[in-house]
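Protein sequences appear in the order of chains U and D.
Counting from -17, one number per residue, gives the positions in the first sequence under the numbering used here.
Counting from 3, one number per residue, gives the positions in the second sequence under the numbering used here.
In this text, a Cβ means the ideal position worked out from N, Cα and C, and glycines have one as well.
Quantities reported herein were computed from a predicted structural model and do not represent experimental measurements.
Below you'll find the structure, written out as structure tokens, and then a few comments.
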Amino acid sequence: MLEGKDLACVRGERALFSHLNFTLHGGELLLVQGANGSGKTSLLRMVCGLLAPEFGEILWQGEKIAAVRESYHAGMAYFGHAPAVKEDLSAFENLDFSCRLAGIPVDHEEVKGALGHLGLGHCLNLPAKSLSQGQRRRVALSRLLLVKARLWILDEPLTALDQAALQLVQSLIGEHLRRGGMALLTTHQPVMIPGITPKILDLSA
Amino acid sequence: MNAAQTVFILLRRELMLAMRRRGDVLTVLFFFVIVASLFPLGVGPDPKLLRLMGGGVVWVAALLAAMLSLGRMFAGDYADGTLEQLVLTPTPPVVWITGKILAHWLVSGVPLILMAPVLGVQFGLSGDALAVLVFSLLLGTPVLSLIGAIGAALTLGLRGGGVLVSLLVLPLYIPVLIFGAGAVDGAMSELGSEAHLSLLGGILILAFMLTPWAVSAALRISIE
């Protein structure tokens, strides 16, 4: 279970949000909404542990995330604005290295399978600099298939994707939730996942 | 997964990236050669004077060349989001930071060490002095990467970070320069260079133990 208690965020001189509370259980989707600049990305980075909250605390299975850093990070996958794809490495090498560095032993077939699942089967060995923005984001998203994290923290995962990929990513999130996973998501696009009613957290309110 | 494995995987990735951007490595190496070669042109071709200055000049050039490559240590990973992902791995930051620094030394420090004897010969250094020069660089250049990493991490994402990094790091390089160039001097003046080399070794051990923690703290601030 993931819990945010009385969170506040200050960037520069400006208070973005305060007294923010949420809970997220297995199988639930939390949709963070709000206008540009309302602190969606800051909230997600806070939940990851990249940004310290000005006030309040974030609890993972009842413990502060800083206290259980290793097990928390092992059970979490973050997809941020920057796709963490190295331009000079191929799609295959990118995914392979990012999984291994995260401590997940993967073999060639698994990596190929994950990239194929996201429709990159034909450009496995192309350097990422020759891929389009959407394709690079697909490379980054393919990580989610291999890291086996319980908590997905996805910052605008649907931008720059075509229709087919939009459907695919939403169905991936759906499967993840049905397996008992949790997802925290920001997006400006409508999210339609059959059988799942997302919890909404509106930062503008 | 243990720490050695993480460092090994990171090293493989960094070396692969360096192989695909060979220009970056060569720029640093040529900078080193050119800076050292400017001195004979500036001070005149007196062999006795050049032999006296050789060790110091090569060391100063190595210092400047090592600094040239500092900006790249974390900047690429920071810009494309890889650094965030590294922070979010279960591995303690100190482990992969050590890997990054080691990779930086292999890519930008080792070529300098290999090139140094050639420059030393240009200045007319004796065989003994050349051996000491290489050995002092072998002990000293890792310290340059270690200390430089703190500066690189602190100036990450800042405008004009490149100039700032030199102001931060160069003063901290002074002890390495003094003992490195002193070792070469000692070898030429029959005073011996053991004392200088021991001190360099001591600095290396100290830097190796302490700087990854400082870099870890600096990166946490820069990433926020």
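Tell me the DSSP bridge mates of residue i?
i: P109 (chain U); result: U:S72
i: I135 (chain U); result: U:Y60, U:L166
i: V14 (chain U); result: U:T168, U:L183
i: K(-13) (chain U); result: U:E39
i: K46 (chain U); result: U:L41
i: F(-1) (chain U); result: U:C(-9)
i: F4 (chain U); result: U:G(-14)
Relative to the alpha-carbon of residue i, which residue among the options has its alpha-carbon at the smallest distance?
i: S20 (chain U); options: U:R(-4), U:W42, U:L113, U:K181; result: U:R(-4)
i: P139 (chain U); options: U:A64, U:H99, U:R82; result: U:A64
i: M28 (chain U); options: U:E(-15), U:L113, U:C105, U:K68; result: U:E(-15)
i: M211 (chain D); options: D:V96, D:L66, D:G58, D:D26; result: D:V96
i: L11 (chain U); options: U:M58, U:L167, U:D184, U:P176; result: U:L167
i: R61 (chain U); options: U:V151, U:S186, U:V50; result: Per the sequence presented here, residue 61 (chain U) reads as Phe, with Arg not at that position. For the residues U:V151, U:S186, U:V50, the minimum Cα distance to F61 (chain U) belongs to U:V151.
i: K102 (chain D); options: D:L43, D:L170, D:Y175, D:A154; result: D:A154
i: L221 (chain D); options: U:E45, U:L32, U:L102, U:G163; result: U:L32
i: G159 (chain D); options: D:S110, D:G83, D:A64, D:L12; result: D:G83
i: I225 (chain D); options: D:L156, D:E196, D:W98; result: D:L156
i: V178 (chain D); options: D:G204, D:G164, D:V167; result: D:G204
i: Q145 (chain U); options: U:I155, U:R160, U:D137, U:G116; result: U:G116
i: T93 (chain D); options: D:L66, D:Q7, D:A209; result: D:Q7
i: A(-10) (chain U); options: U:K22, U:M164, U:L148, U:E75; result: U:K22
i: H158 (chain U); options: U:L148, U:I175, U:A147; result: U:I175
i: L88 (chain D); options: D:H106, D:A216, D:V9; result: D:V9
i: T213 (chain D); options: D:W98, D:I180, D:P113; result: D:W98
i: G25 (chain D); options: D:G142, D:L166, D:V109; result: D:V109
i: G38 (chain U); options: U:N3, U:C30, U:H7; result: U:N3
i: W107 (chain D); options: D:L13, D:L170, D:V123; result: D:L13
i: A34 (chain U); options: U:Q43, U:W42, U:I47; result: U:I47
i: G16 (chain U); options: U:R160, U:E52, U:L26, U:G156; result: U:L26
i: L172 (chain D); options: D:G182, D:A68, D:G122; result: D:A68
i: V59 (chain D); options: D:A209, D:L72, D:I180, D:S168; result: D:I180
Beta-carbon of residue i versus every beta-carbon of chain U: anything under 8 Å?
i: T157 (chain D); result: no
i: E16 (chain D); result: no
i: P92 (chain D); result: yes
i: R24 (chain D); result: no
i: L88 (chain D); result: yes
i: I225 (chain D); result: yes
i: G163 (chain D); result: no
i: V29 (chain D); result: Residue identity check: residue 29 (chain D) is Thr in the sequence provided, not Val. No - not a single Cβ of chain U is within 8 Å of the one on T29 (chain D).
i: G83 (chain D); result: yes
i: I103 (chain D); result: no
i: I99 (chain D); result: no
i: L12 (chain D); result: yes
i: L19 (chain D); result: yes
i: T230 (chain D); result: Outside the modelled stretch of chain D, which goes from 3 to 226, sits residue 230 (chain D), for which no answer is possible.
i: T8 (chain D); result: yes
Residue i CB to nearest chain D CB: under 8 Å?
i: R72 (chain U); result: Note on residue identity: the sequence assigns Ser, not Arg, to residue 72 (chain U). Closer than 8 Å: no.
i: S112 (chain U); result: no
i: C30 (chain U); result: yes
i: R120 (chain U); result: no
i: P172 (chain U); result: no
i: A146 (chain U); result: no
i: P139 (chain U); result: no
i: R(-4) (chain U); result: no
i: F79 (chain U); result: yes
i: V129 (chain U); result: no
i: P176 (chain U); result: no
i: R82 (chain U); result: yes
i: E39 (chain U); result: no
i: L33 (chain U); result: yes
i: K22 (chain U); result: no
i: A142 (chain U); result: no
i: E36 (chain U); result: no
Does any heavy atom of the ligand SAM sit closer than 7 Å to the C-beta of residue i?
i: I152 (chain D); result: This structure simply doesn't include the ligand SAM, nor any ligand for that matter.
*Contact between the region 121 to 129 of chain U and the region 160 to 179 of chain U: three or more CB pairs below 8 Å?*
As far as the Cβ criterion goes, the region 121 to 129 of chain U does not touch the region 160 to 179 of chain U, which means the pair count is below three.
*Between the region 185 to 197 of chain D and the region 127 to 137 of chain D, do at least 3 Cβ pairs fall closer than 8 Å?*
Touching, yes.
*asked:* For the region 50 to 61 of chain D against the region 87 to 103 of chain U, do three or more pairs of beta-carbon atoms, one drawn from each stretch, fall closer than 8 Å, so that the two count as touching?
replied: no
*Within the chosen definition, does the region 103 to 110 of chain U reach the region 60 to 74 of chain U through at least 3 CB pairs nearer than 8 Å?*
yes
_I'd like the ranges of any beta strand (DSSP E) spanning at least 3 consecutive residues and lying wholly in the region 116 to 195 of chain D._
none
*asked:* With three or more beta-carbon pairs closer than 8 Å as the criterion, would you say the region 90 to 105 of chain U touches the region 18 to 37 of chain D?
replied: Contact between the region 90 to 105 of chain U and the region 18 to 37 of chain D is not established, with fewer than three Cβ pairs separated by less than 8 Å.
_What ranges does the alpha helix (DSSP H) occupy inside the region 47 to 94 of chain D, keeping only unbroken runs of at least 4 residues that lie completely in it?_
Whole alpha helix (DSSP H) segments, 4+ residues: 49 to 70, 74 to 82, 84 to 89.
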